[in-house]
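Counting from 1, one number per residue, gives the positions in the sequence shown under the UniProt record's numbering. Glycine included, every Cβ here is placed at the ideal spot set by N, Cα and C. As the structure is a prediction and not an experimental result, all values here were calculated from the model.
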Amino acid sequence: MLKLPASSIKAKTTVRNRYLSASSVSTTCPFCFGKVIFSLNSFTEDSTRDWVSASASCPGCGRTVSFLTAASPSGPDGEKSEDTHEFFMFPGASSGYAYPVLPETVPASLQRSLTSTIDSLNAKNFPATAVGARRTLEGIFKYRVDSSDRTKNLYQLIDLVKNSNDLAAPLETLSHAIRSGGNLGAHFDDENEPTEAMAGKMVELLDYLISYLYVLPSKITDLEKSLGKE
1 MLKLPASSIK AKTTVRNRYL SASSVSTTCP FCFGKVIFSL NSFTEDSTRD WVSASASCPG
61 CGRTVSFLTA ASPSGPDGEK SEDTHEFFMF PGASSGYAYP VLPETVPASL QRSLTSTIDS
121 LNAKNFPATA VGARRTLEGI FKYRVDSSDR TKNLYQLIDL VKNSNDLAAP LETLSHAIRS
181 GGNLGAHFDD ENEPTEAMAG KMVELLDYLI SYLYVLPSKI TDLEKSLGKE
């Protein structure tokens, strides 16, 4: 079973005027690996577990895929998540890059951009993956500078964050590598196109960068809370 990012949910519905469920999902089909929009039907609620199951046929290959919408569990101290529900697909994609589960501190537009980039990779559109990776990288750095500096180009943004936030040297090198790969995908060159290996590595490094800047601080904060240091 694959947990879907919230950005994949395009529409929701209420079953029996009580139970929330996804009704339209944009994701990669686990059978034909096409990027499609599933229109869910055959909703079945489970009041004991507070979830709704549904199914949909892939508009590309016609195979049936199952979906589950479940109420988000409470935190260790009983606190409620900002995302009231979680969304799952079965079977999960049997191949391709898995969608990371990101904390709420990652801006929604940045999550959507990363999801779109992974969609392109899983659909084997490698030039689009390279461009999407560069666009997501630009979003990462624009969120880390003052609004007055957001008109700068990506090269300048990386240097600005490096100088003001002590960006570790390996991460600076990583960021410039993704930027260069994105430039390759954005310009036509029949002798030097992004390959599957290159596109996959760009997404992997992008995932690592987001984890370093957002996921790790979030986990540290959670640990501090559990240790009673806040």
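Who pairs with LEU2 in a beta bridge, going by DSSP?
-> Beta-bridge pairing links LEU2 to MET89.
Under 6 Å Cβ to Cβ from SER55, same chain only, skipping five residues before and after it: list those, please.
-> SER42, THR64, SER66
Three-state secondary structure assigned by DSSP to ASN122 = helix
In the DSSP assignment, find the alpha helix (DSSP H) that holds ASP207 and state where it starts and stops.
-> First-last of the alpha helix (DSSP H) with ASP207: 196-210.
Local conformation of GLU138 per DSSP, three classes = helix
Can you name, in chain order, every residue of its own chain whose Cβ lies under 6 Å from the Cβ of LYS142, other than the five neighbours on each side?
-> ARG150
Compute the Euclidean distance between the alpha carbons of ALA123 and LYS35, then round it to the nearest angstrom.
-> In a straight line, the C-alpha of ALA123 is about 6 Å away from that of LYS35.
In or out: ASP207 buried (at least 16 other Cβ within 10 Å) or exposed?
-> buried
Please list, in chain order, all residues of the same chain as VAL101 whose beta carbon is under 7 Å from its beta carbon, the five residues on each side excluded.
-> LYS3
8 Å contact criterion, which MET202 and ALA130 should meet: CB distance rounded | 6 Å
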